[in-house]
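Going by the numbering used here, the residue at position 531 of the sequence shown is 589; the numbering climbs one at a time, nothing skipped. C-beta atoms are modelled at their ideal positions from N, C-alpha and C, and glycine is treated no differently. As the structure is a prediction and not an experimental result, all values here were calculated from the model. Just below is one structure, and these are the notes that go with it.
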Amino acid sequence: MKHRGPMNLGGCVATALAILATGAAGQDPPDRQPPENEAVARLEALVVAATRSPAEAGDLPVNVTVITSRELRLSAAETLQDALLEIPGVNFRFPFNPAVAHPSWQAIALRGLGGNAASRTLVIVDGVPINDPYFGWVRWSQAPVSLIERVEIVRGGGSVTWGGQSLAGVIHIVTRDPDTAELLASVEAGHPGVYRVDATATFSEGRLSGYAGGELFSSDGYVLTHPDLRGDVDIPSASQHAVLRGRVTYDAGGGIRLQAGASLFDQNKDNATPLRENATEISQGQVGASWHGSGGASLSFSGFHQVQEYDNAFSTVFEGRNDEQPSITQVVPSSATGAGLVWTPGVAGLTAGADFLASDGEASEEYLHDEKRFTRSRVTGGQQTLAGVFAQARTSTPGGVDLAAGVRIDRWTNSGGYRRVGDLVSDETLSDTTYADRDGLVPSVNAGFTAPLGQGAAVRGAAYTGLRVATLNELYKPFRAAGGVVTEAQAGLEPERLTGWELGVDYLAPGGVVLRVTAFWARVRDAIADATIATAEESGVIAPCGFVAAGGVCRQRDNIGVLRSVGVESELSYQLGAWFVSGSHSFNPTKFVDGPDHIVNNRAPGSPVHRLSVRAAWAGSEQTDVSVTARYLGDRYDDDLNSGVAAGSFTMDLRLRRDITDRLAAFASVINLLDATSEMSHDAAGFIRIGSPRTVSGGLRVRLGS
Numbered sequence: 059m060k061h062r063g064p065m066n067l068g069g070c071v072a073t074a075l076a077i078l079a080t081g082a083a084g085q086d087p088p089d090r091q092p093p094e095n096e097a098v099a100r101l102e103a104l105v106v107a108a109t110r111s112p113a114e115a116g117d118l119p120v121n122v123t124v125i126t127s128r129e130l131r132l133s134a135a136e137t138l139q140d141a142l143l144e145i146p147g148v149n150f151r152f153p154f155n156p157a158v159a160h161p162s163w164q165a166i167a168l169r170g171l172g173g174n175a176a177s178r179t180l181v182i183v184d185g186v187p188i189n190d191p192y193f194g195w196v197r198w199s200q201a202p203v204s205l206i207e208r209v210e211i212v213r214g215g216g217s218v219t220w221g222g223q224s225l226a227g228v229i230h231i232v233t234r235d236p237d238t239a240e241l242l243a244s245v246e247a248g249h250p251g252v253y254r255v256d257a258t259a260t261f262s263e264g265r266l267s268g269y270a271g272g273e274l275f276s277s278d279g280y281v282l283t284h285p286d287l288r289g290d291v292d293i294p295s296a297s298q299h300a301v302l303r304g305r306v307t308y309d310a311g312g313g314i315r316l317q318a319g320a321s322l323f324d325q326n327k328d329n330a331t332p333l334r335e336n337a338t339e340i341s342q343g344q345v346g347a348s349w350h351g352s353g354g355a356s357l358s359f360s361g362f363h364q365v366q367e368y369d370n371a372f373s374t375v376f377e378g379r380n381d382e383q384p385s386i387t388q389v390v391p392s393s394a395t396g397a398g399l400v401w402t403p404g405v406a407g408l409t410a411g412a413d414f415l416a417s418d419g420e421a422s423e424e425y426l427h428d429e430k431r432f433t434r435s436r437v438t439g440g441q442q443t444l445a446g447v448f449a450q451a452r453t454s455t456p457g458g459v460d461l462a463a464g465v466r467i468d469r470w471t472n473s474g475g476y477r478r479v480g481d482l483v484s485d486e487t488l489s490d491t492t493y494a495d496r497d498g499l500v501p502s503v504n505a506g507f508t509a510p511l512g513q514g515a516a517v518r519g520a521a522y523t524g525l526r527v528a529t530l531n532e533l534y535k536p537f538r539a540a541g542g543v544v545t546e547a548q549a550g551l552e553p554e555r556l557t558g559w560e561l562g563v564d565y566l567a568p569g570g571v572v573l574r575v576t577a578f579w580a581r582v583r584d585a586i587a588d589a590t591i592a593t594a595e596e597s598g599v600i601a602p603c604g605f606v607a608a609g610g611v612c613r614q615r616d617n618i619g620v621l622r623s624v625g626v627e628s629e630l631s632y633q634l635g636a637w638f639v640s641g642s643h644s645f646n647p648t649k650f651v652d653g654p655d656h657i658v659n660n661r662a663p664g665s666p667v668h669r670l671s672v673r674a675a676w677a678g679s680e681q682t683d684v685s686v687t688a689r690y691l692g693d694r695y696d697d698d699l700n701s702g703v704a705a706g707s708f709t710m711d712l713r714l715r716r717d718i719t720d721r722l723a724a725f726a727s728v729i730n731l732l733d734a735t736s737e738m739s740h741d742a743a744g745f746i747r748i749g750s751p752r753t754v755s756g757g758l759r760v761r762l763g764s
């Protein structure tokens, strides 16, 4: 594996930030808004993730949560992933801070529908997917908090408008849409070894507007291994990344707008031992055009192309954790090309469209180290295309009931799949396998309603189906992980299919109280999971995994059975003068209800039954904000056998902000205020990884503008 050392992109971003810092002037006050009830703002916010056309969150039949830019500023969250942990129904496979997490740990789950490296949730930035085109996971650092205007979280039923990656829902990250010229910049430092610089410059001149922004981040990390299990090989998981994003919009007149944007991302990580590291480079460009006519009619087109390379080195750690040796190196180039067309005729609340996504990738690996060198090579890869057409309609009855229904047809194709295994010592080909091309046509539907109940209350309900097609990684690439775990791929995986419903009540009471409660039920047929085949009592060959060391486990990706997700999501907020208090809770015992006897009634991997988050914020003067956030995360299992359980945890974060002048503000955060030791993973062999210790940081933020 090549280790790039200092980031290639870092110099570019540093230069860009310096240019931005010299390009703005003025006397505008810092980035401050008057106190407001954030929950009410969420219900009134216009969102596009649910229907691909603007609609108020409170008018939609499914549970939609909107995180505003002000709420992000009040949070102690270093990243968007941290902020999402406060939303009911949102979870991650292993909820580490993304600064230290291996990319495969960062897959997101909505309503307990997760458990493997591939996200069952589509994550998009300004309409463009950021799910890895080969693996399916999400690198959350690609979307710096400083560039985000709002985040829309749609649970369930996303496939009707978004297609075969959105089985559990959609998260839409919307970046800034400038109407003024200004510069926002901040510097931050903290312990242990956290450094961040970000800047965003916006401009608006005549018909032309846009922004350019970026972030440089570095962290010394911490030791992920539980203190009772550490050995000489356990080192802090340091990381560095650089992000640069920009977009330009031109108003051509006649209701026509043209857009172009680009982004660059470069990341290096040390993954907990000296021989484990990974690096990612991603570049992406996008274009778009839209027309808005009279009577609400509109037509929009968008297209993008992404190229990336992921390098990874892994090791085998020996008993006692005092020594290790290389186990595998990987180089995985991949790309994705997509386009979408959305039409709103301006009648009958109709939205229709079509979209297309083509992905390809190749994983080149060397493995089986004999203490001198690697002795085996393996190359796997293939292509995948997803294409769909959809129509969604919304209407209102004379009694004020809003009705919505939609239909979508997706065509998926897996082609060109192959695996070649070679002997690096003799330079001979040991096997050369070509997998049959496969395709399918899958319909999806949804229907829902919202109805006023009077006295500030409303009821909503929806029923839907969803779809997720297996990733190229799941189809073709086996892998070896810590603890002697060997997981074999399966080229014949069928798409996962979801059927579900939800029913909710929203209540806006006098005095600033907002309550939202949603009950939901869903079944995922042909759920893809890493199914345990056998545990090796002694070293030897276990089909289909090949050689498995003593104490190791053979698993294979399989359509293992049926997952059932059932539960209740609750959100409550209250504002009294300068005080704002909010809380959320999710109850979600996701289980396998059909499949092999040894997994039936087992909980889904990575899925807690309970999640609880409470925040108290105070903005009692023109100059000061203070917020405290407390979170409880229930216990989770690492695997399908429920043989290792990560204990539940409780953490608290603190955020303070103080205006120094009308242009300059200071801020400080304490993450994990109580310095709690939280289990993030706990495998069947008893190996435990933990969450971040107490982290203290602070900095300055400046706003300049005309």
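Beta-carbon proximity list for Arg496, same chain, < 7 Å, skipping 5 on both sides: Asn472
Entirely enclosed beta strand (DSSP E) segments - the segment 167-199, minimum 3 residues: 179-183
Beta bridge counterpart(s) of His284 as assigned by DSSP: DSSP, once it has assigned bridges, lists no residue as partnering His284.
Pairwise C-alpha distance: Gly264 and Ala79: For Ala79, the predicted model reports a pLDDT of 37, less than 50, meaning its position is unreliable; a value from the coordinates is still stated below. Cα-Cα distance, rounded: 22 Å.
Assumed close pair Val582, Leu171 - CB separation to whole angstroms, cut-off 8 Å: 6 Å
Same chain only: Cβ atoms within 7 Å of Ala355, ignoring 5 sequence neighbours per side: Thr402, Pro403, Gly404
For Thr438: DSSP bridge partner residues: Ala421, Arg477
Own chain partners of Val252 with C-beta closer than 6 Å, once the 5 adjacent residues on each side are dropped: Ser277, Ser755
For Thr682 and Asp717, the rounded distance between their alpha carbons: 7 Å
Chain B contact for Glu339 (CB, 7 Å cutoff): Protein chains in the displayed structure number just one, and chain B is not present.
Exposure label - Asn617; buried when at least 16 CB within 10 Å: buried
Three CB pairs or more closer than 8 Å across the segment 664-672 and the segment 634-649: yes
Which of helix, strand or coil DSSP assigns to Ala734: coil
DSSP state of Val667 mapped onto helix, strand, coil: coil
Contact belief for Ser739 with Arg752 at Cβ below 8 Å, rounded distance in angstroms: Incorrect: roughly 20 Å between the Cβ atoms, too far for contact.
Meets three-Cβ-pair contact criterion under 8 Å: the segment 553-570 and the segment 232-240: no
DSSP bridge partner residues for Lys649 (one or two, in chain order): Arg622, Arg661
Euclidean distance between Cα positions of Glu595 and Ala608: 5 Å
Residue range of the unbroken beta strand (DSSP E) whose run includes Tyr534: Looking at the DSSP string, Tyr534 is not in any beta strand (DSSP E); the run it does join, the alpha helix (DSSP H), is 530-534.
Every unbroken beta strand (DSSP E) inside the segment 302-378 [3 residues or more]: 314-328, 335-350, 356-375
Backbone CA spacing between Phe359 and Gln344 [nearest angstrom]: 11 Å
Assigned exposure category for Phe448 - 16 Cβ within 10 Å defines buried: buried
C-beta contact flag for Ala421 and Lys535 at 7 Å: yes
Leu758 in three-state terms, based on DSSP: strand
Three CB pairs or more closer than 8 Å across the segment 267-282 and the segment 293-305: yes
Backbone secondary structure at Ala608 - three-state DSSP: coil
Beta-carbon contacts of Arg478 that lie in its chain and below 6 Å, excluding the five residues immediately before and after: Val437, Asp490
Pro501 - partner residues in DSSP beta bridges: Ile467
Start and end residues, alpha helix (DSSP H) containing Asp693: Careful: Asp693 lies outside any alpha helix (DSSP H) and carries neither H nor E.
Where Thr238 falls, given that 16 or more other Cβ within 10 Å makes a residue buried: exposed
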